[in-house]
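One structure below.
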Amino acid sequence: MDWGKVTYIFFSLMSLTTTAGFLYEPNAIALFIAAGVNVISTILKLGVKNLLAAELLASSLVADLHLIPAFMVLVFSDNLALAISLAIGAVVANVFSIALALIESAKSQDKEEF
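Just so we're aligned, residue 1 is where the sequence shown starts under the UniProt record's numbering, counting upward by one.
Rendered as structure tokens:
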């Protein structure tokens, strides 16, 4: 088992679920946790060397650039609707990232069979 892959998939899923948690219960603490976990996920993806590494990193950066401004908007201007809309964008980017990781896993299993 590739523990590096397990770790970055774990943080990718954790980022998705914590952002979804913010959408369920919108508050600044939940959004801060979601942004923090997503930044950790992005850092872990910097070391990934596989076929779709660039796409995985780009999707994680997109989620970062939604969650960090969402947190700032929520804290400084108290605009919950805008923060939620940015968080929805981060969820879309994280779902895309998970889909890419699944495709990558399927491709790597195909290579191992040959």
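Think of the CB as a built atom: it goes at the ideal place given N, C-alpha and C, for glycine as much as any other residue.
The model shown is predicted, which means the values in this text are computed figures rather than measured ones.
With the rule of 3 Cβ pairs closer than 8 Å, the stretch 35-46 counts as touching the stretch 62-77. In this structure, the straight-line span from the alpha carbon of D78 to that of I9 is close to 32 Å.
Residues of the same chain with a CB within less than 8 Å of the CB of T7, apart from the 5 flanking positions on each side, are L44 in chain order. The way I'd put it, the stretch 89-105 does touch the stretch 55-63; three or more beta-carbon pairs between them come closer than 8 Å.
Ranking S108, A93 and D64 by CA distance to the CA of V39 puts D64 first.
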